[in-house]
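J.: In terms of this note's numbering, the sequence shown opens at residue 56 and continues consecutively.
Glycine included, C-beta positions come from ideal geometry on N, C-alpha and C.
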Amino acid sequence: MASENAAQGFSNVRRTRFWQKGFLASQSAYVLAALVVIIVVMSLLSPNFLTAGNISNITRNFSFIAIAALGMTLVIITGGIDLSVGSTMALSATATSLMMGALAGASVALFPGGALIISLAAGLGVAALIGLFNGVAIAKLKLSPFVTTLGTLSIVRGLAYVATYGRGTFPSGPDKDLFLLVTAGKLFDTVPIAFVYLLICALAMWLALNHTAWGRHVFAIGSNEAAGRLTGVNVDRVKIQVYVLCGLAAGFNGIIISGWLGSAPANLATAYELTIIAAAVIGGANLAGGVGGAAGAIIGCVLIEVIRNGLVLARVDPYWQQTLVGCIIVAAVLVDRLRSLRNG
Numbered sequence: 056m057a058s059e060n061a062a063q064g065f066s067n068v069r070r071t072r073f074w075q076k077g078f079l080a081s082q083s084a085y086v087l088a089a090l091v092v093i094i095v096v097m098s099l100l101s102p103n104f105l106t107a108g109n110i111s112n113i114t115r116n117f118s119f120i121a122i123a124a125l126g127m128t129l130v131i132i133t134g135g136i137d138l139s140v141g142s143t144m145a146l147s148a149t150a151t152s153l154m155m156g157a158l159a160g161a162s163v164a165l166f167p168g169g170a171l172i173i174s175l176a177a178g179l180g181v182a183a184l185i186g187l188f189n190g191v192a193i194a195k196l197k198l199s200p201f202v203t204t205l206g207t208l209s210i211v212r213g214l215a216y217v218a219t220y221g222r223g224t225f226p227s228g229p230d231k232d233l234f235l236l237v238t239a240g241k242l243f244d245t246v247p248i249a250f251v252y253l254l255i256c257a258l259a260m261w262l263a264l265n266h267t268a269w270g271r272h273v274f275a276i277g278s279n280e281a282a283g284r285l286t287g288v289n290v291d292r293v294k295i296q297v298y299v300l301c302g303l304a305a306g307f308n309g310i311i312i313s314g315w316l317g318s319a320p321a322n323l324a325t326a327y328e329l330t331i332i333a334a335a336v337i338g339g340a341n342l343a344g345g346v347g348g349a350a351g352a353i354i355g356c357v358l359i360e361v362i363r364n365g366l367v368l369a370r371v372d373p374y375w376q377q378t379l380v381g382c383i384i385v386a387a388v389l390v391d392r393l394r395s396l397r398n399g
């Protein structure tokens, strides 16, 4: 009887409150709360902030970053990094435009969409090859992810300039209008098609990470790679797959942006890798590995774009934008560190 009373007396020891578990305990939740506050403040400061046109612009712009940020998050979860995503975006868009031009008079134009399908396959194939190169070099040759992808950044950007002689390329041929429709069009004349692609990619990533053995392997590698090997995880294969997916996400993102621009300049997405990594880290991905998710990546992208858009509406010097993004990254890492110390 006494033991039962004692057990009841200590029933509240180490009881976890609802806000200390699940999504509410993650860095993504803190960033989401900050995002809501910033949106409220921006809407009070500028009457144009919550207009339909501006919301559409914000949605389109963060979607251009978020799809690539999903792939980057996968890499960061495994404890890696990919600095070549911006260059991959440029070369994939260039390859797609060049292929469309090359197929302008080919027989594949006899059936609707044939040239577009082949051109998209070429662009995404280039992106996959870049990811495969990174993955093999890092997983098989044991090269540093930072140094390897830094080198790839320069190689791929150089190839984009070589292929175009430093000039931009333009989508052409019989499927040009279809290309512009599927990359820069709007669903129901209001929702940017890029946002629809983002939702599909995010859902696929969420399902893969949370409801498949592959997803558990990705987290296991980032948490403790040696332990993952001992439990039978094919670490090298999973790492290569993650880098290929990151390359594909970046390539797809680049193709969409080129459709919106109507061209694929050789300097497309220059320095985008910094914003993409920042969005993933702000959204809760831990550069040490083992932590991250689709929702956090999207929230990080939305936060960066909302701040950028708000600064533009407030007519703040655009050079301050990068400074503020850096401050947000440091603040996000600091909050995550304080939360870890408190929970520990």
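Taking the alpha carbon of G190 as the reference point, which residue from G302, V371 and L389 has its own alpha carbon closest?
T.: Closest in alpha carbon position to G190, among G302, V371 and L389, is G302.
J.: Determine, using beta-carbon pairs with one atom in the stretch 179–193 and one in the stretch 318–332, whether at least three such pairs fall under 8 Å.
T.: no
J.: Could you compute how far the alpha carbon of T286 sits from the alpha carbon of G277?
T.: 14 Å
J.: Can you tell me whether L393 is buried or exposed, with buried defined as 16 or more other CB within 10 angstroms of its CB?
T.: exposed
J.: Determine the burial state of C256: buried for a count of at least 16 other Cβ atoms within 10 Å of its Cβ, exposed for fewer.
T.: buried
J.: Straight-line CA distance for Y220 to M97?
T.: A direct Cα-to-Cα measurement between Y220 and M97 gives close to 43 Å.
J.: Using 8 Å as the cut-off, can you tell me whether the stretch 347–366 makes contact with the stretch 142–160, which would need three or more C-beta pairs spanning the two stretches below that distance?
T.: no
J.: In terms of DSSP beta bridges, what is T219 paired with?
T.: For T219, which the question treats as bridged, DSSP gives no partner whatsoever.
J.: What residues in its chain sit with their C-beta under 8 Å from that of M56, if we drop five residues either side in the sequence?
T.: At M56 the pLDDT is 49, less than 50, meaning the model places this residue with poor confidence; the figure from the coordinates comes in the next sentence. Correct list: empty, nothing qualifies.
J.: Could you check whether the Cβ of T143 sits closer than 9 Å to any Cβ belonging to chain D?
T.: The chain labelled as chain D is not found in the depicted structure, where only one protein chain is given.
J.: Do you know how far the Cα of A281 is from the Cα of G314?
T.: 43 Å
J.: Taking N341 as the reference, give the member of I132, I120 and F166 with the closest Cα.
T.: I132
J.: Determine the burial state of H272: buried for a count of at least 16 other Cβ atoms within 10 Å of its Cβ, exposed for fewer.
T.: Burial of H272 is indicated by the presence of at least 16 other C-beta atoms within 10 angstroms of its C-beta.
J.: Any heavy atom of the ligand MN inside 8 Å of the beta-carbon of A88?
T.: Ligands displayed in this structure: none; no statement on the ligand MN is therefore possible.
J.: Between A305 and A182, is the Cβ-Cβ spacing less than 9 Å?
T.: yes
J.: Does the distance from the C-beta atom of A326 to that of I312 stay below 9 Å?
T.: no
J.: Take the Cβ of A343 as the centre, count every other Cβ of all protein chains shown within 10 Å, and call the residue buried at 16 or more, exposed below.
T.: exposed
J.: Please state the DSSP three-state secondary structure of A319.
T.: Looking at A319 - three-state DSSP - the assignment turns out to be strand.
J.: With I172 as the anchor, note down where its alpha helix (DSSP H) starts and where it stops.
T.: G169 to A194
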